[in-house]
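K.L.:
Sharing a structure below in structure tokens format, with a few things to ask.
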Amino acid sequence: MMFVSGVVSLYYQSDQDVQQDPELQAWIRDITQEGFTELPSFGLPSKLCSREELCTLLSVAIFTASVQHAATNNGQFDWCAWIPNTPCTMRQPPPGDKDAVTMETIMATLPDISQSCMQMAITWHLGRPQPDAVPLGHYSEEYFTETKTLELIDKFKEELREIEEHILQQNEGTEPSYLFLLPSRIENSITI
0 MMFVSGVVSL YYQSDQDVQQ DPELQAWIRD ITQEGFTELP SFGLPSKLCS REELCTLLSV
60 AIFTASVQHA ATNNGQFDWC AWIPNTPCTM RQPPPGDKDA VTMETIMATL PDISQSCMQM
120 AITWHLGRPQ PDAVPLGHYS EEYFTETKTL ELIDKFKEEL REIEEHILQQ NEGTEPSYLF
180 LLPSRIENSI TI
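Quick note: the sequence shown, position 4, residue 3 per numbering that gives the first Met the number 0, numbers continuous.
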């Protein structure tokens, strides 16, 4: 959140600046009144009144589209490639009596080879690094040109490098290593 609050502070010097930004207010109004009308009942305001509210909203959006997505997406092939872990379909209804289940029943219930191959192909395509992936903290286009903003971006990238080094150190000697949330493997946004 430090990166987000740093950038917000550069563009909004006060809470009043947030309140008086017509594009920002139109954006939050559109989200809460047109897009996700149930969000105000979850605590999302239909008007942003402070830099802190803006920072929180932006941080949650960035986290959801980057880290949280990586946590659920990046390991799905490892999890789903073993079909009994998460079968995409079942060919028979669940048994009514668990004691009557045999290996034959299980095999007749799990997806057939064609369905299993389809599941593996889909999860491989969804979970693999995308060819157009942009890592967290990087931008494919030059959205920012101001020196102070570029300095904040560089500082954020350095913090991400330090986090990655720490994760790699924590994983030394562990098998299997958990590398799905290395910052270099977290995309800047959802690309699938």
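Just so it is clear, CB atoms sit at the ideal spot from N, CA and C, and this is done for glycine as well.
Since this is a predicted model, take the numbers as computed values, not measurements.
1. Report the residue from P83, T36, H137, D96 whose alpha carbon sits nearest the alpha carbon of I112.
2. Given this structure, state the Cα-to-Cα distance separating N73 from Y177, to the nearest angstrom.
3. Using CA atoms only, rank isn't needed, just tell me which of M119, I185, T88, M117 is closest to I105.
4. Contact check, P182 vs L159 under 8 angstroms by CB: the rounded distance?
5. From which residue to which residue does the alpha helix (DSSP H) around S176 run?
6. Would you give the residue range spanned by the alpha helix (DSSP H) that W123 belongs to?
7. Based on Cα-Cα distance, which residue from E37, K46, W78 lies nearest to T122?
8. Would you mind reading off the limits of the alpha helix (DSSP H) that contains K97?
9. A69: buried (16+ other C-beta within 10 angstroms of its C-beta) or exposed?
P.N.:
By the coordinates alone:
1. Working through the sequence shown from its first residue, we reach residue 112 at position 113. Checking every option, the nearest Cα to that of I112 belongs to P83.
2. Here residue 73 is taken as the residue at index 74 of the sequence shown, counted from 1. Here residue 177 is taken as the residue at index 178 of the sequence shown, counted from 1. Distance between the alpha carbons of N73 and Y177: 11 angstroms.
3. For the purposes of this step, residue 105 is identified with residue 106 of the sequence shown, where counting begins at 1. Residue nearest to I105 within the set M119, I185, T88, M117 is T88 (criterion: CA-CA distance).
4. Start at 1 with the first residue of the sequence shown, and residue 182 comes out as number 183. Start at 1 with the first residue of the sequence shown, and residue 159 comes out as number 160. That belief holds up - the Cβ atoms of P182 and L159 are roughly 4 angstroms apart, short of 8 angstroms.
5. If you number the sequence shown from 1, residue 176 lands on position 177. From DSSP, S176 is part of no alpha helix (DSSP H); its letter is neither H nor E.
6. Here the question's residue 123 lines up with position 124 in the sequence shown. Going by DSSP, W123 is part of the alpha helix (DSSP H) stretching over 112-126.
7. The count along the sequence shown starts at 1 and reaches residue 122 at position 123. When only C-alpha atoms are compared, the closest one is W78.
8. Your numbering for residue 97 matches position 98 in the sequence shown. K97 -> no alpha helix (DSSP H), and no H or E assigned at all.
9. Residue numbering aside, residue 69 sits at position 70 when the sequence shown is read from its first letter. With 16 or more other Cβ atoms within 10 Å, it is buried.
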